[in-house]
């Protein structure tokens, strides 16, 4: 049975069970808020996951900073502001992969196997409301992690005022949407909660390795470097770097208008991934366990 057939079957079976009590934006926000509260309650009960999601950010920054990893990656001649910008970029990229993508893929699979998603779909909530309700606590956790990690970077390493705040917002929002959508699509090849650790590994490893935050891309063949520019995490890292430092490819600072020109290609790639991610989530999200 295809996903579309399952959708029609589940919708029709629940059409007479629970009529929508409210419509429009207000009703949608009310239903999404209820799902967010339920997911947040589950998160708060899991103190280990909550601690790992928030407190590990400044701990990771401290470890990599005092071990000299950030400085070694950027180069000894780089200023503290450049090192700080790279540290924050790396932190955001890791948060998108682990806090958003991996945690959400695991959450979607767990709710599916418990038949929670199936029950929700036969009620008042739309598909988008269900996905958004499950994703919101993970996104809030990521933002808390970025705030704590950013403060740690500013104190221990140093950060200048961002050259283009708008590019930073676009990178974080766009990256969050892309990897939340990819998490939903990943349920198509993730049969159980335990297998999520393996099924999500190829996307996580490939995206991080080709993002430019874990491995200098100059060490790779030229064709691989070109390919890396079109992977989902690379445009996020590039936009963050431009927005934080305002430096061109030659390392010279540029004006605000020129930062938008530098960001044209990564913006186009990120937009393409947003569209592709939305299509993949709509097409391949599995709402019921395989029987």
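In the UniProt record's numbering, the protein residues as written are 1 to 291. Even for Gly, the Cβ is constructed at its ideal location relative to N, Cα and C.
Practice task
Closer than 6 angstroms by C-beta to residue 277: which residues in its own chain qualify, once you throw out the five before and the five after it? Chain order, please.
Solution key: 178, 181, 182
Practice task
Tell whether a beta-carbon distance below 9 angstroms holds between residue 33 and residue 83.
Solution key: no
Practice task
Rounded to whole angstroms, what's the CA-CA distance from residue 21 to residue 245? Just pull it up for me.
Solution key: Unreliable placement is indicated for residue 21, whose pLDDT of 46 sits below 50; no coordinate value is reported for it.
Exercise for the section: Could you have a look at residue 26 and say whether DSSP puts it in helix, strand or coil? Expected result: helix
Practice task
Starting from residue 225, trace the alpha helix (DSSP H) both ways and give me its first and last residue.
Solution key: 222–228
Problem - Sequence-distant residues of its chain with Cβ nearer than 7 angstroms to residue 102 (five each side left out) - result: 200, 204
Handout entry: Three-way DSSP call (helix, strand, coil) for residue 253 in this model
Key = strand
Problem - Three-state secondary structure assigned by DSSP to residue 21 - result: At residue 21 the pLDDT is 46, less than 50, meaning the model places this residue with poor confidence; the figure from the coordinates comes in the next sentence. Looking at residue 21 - three-state DSSP - the assignment turns out to be coil, as it is neither helix nor strand.
Handout entry: Cβ pair residue 211, residue 126 closer than 9 angstroms
Key = no
Handout entry: Contact belief for residue 121 with residue 130 at Cβ below 8 angstroms, rounded distance in angstroms
Key = 7 angstroms
Exercise for the section: Just grab the DSSP bridge partners of residue 148 for me. Expected result: Partner(s): none; residue 148 has no beta bridge.
Practice task
Go ahead and pull the three-state DSSP assignment for residue 244.
Solution key: helix
Practice task
Over the uninterrupted alpha helix (DSSP H) stretch that includes residue 189, give me the two end residues.
Solution key: Premise fails: residue 189 is in no alpha helix (DSSP H) and is neither H nor E.
Practice task
Could you give the DSSP three-state label for residue 89: helix, strand or coil?
Solution key: helix
Exercise for the section: Go ahead and label residue 287 buried or exposed: buried means 16 or more other beta carbons lie within 10 angstroms of its beta carbon, across all protein chains shown. Expected result: buried
Handout entry: Span separating the alpha-carbon of residue 279 from that of residue 272
Key = 11 angstroms
Handout entry: Same chain, Cβ closer than 6 angstroms to residue 147, five either side skipped, listed in chain order
Key = none
Exercise for the section: Return the first residue and the last residue of the alpha helix (DSSP H) that residue 194 is part of. Expected result: That residue, residue 194, is in no alpha helix (DSSP H); it is neither H nor E in DSSP.
Practice task
Can you tell me which of 213, 275, 228 puts its alpha carbon nearest to the alpha carbon of residue 85?
Solution key: 213
Problem - Closest Cα partner of residue 128 within the set 161, 252, 87, 184 - result: 184
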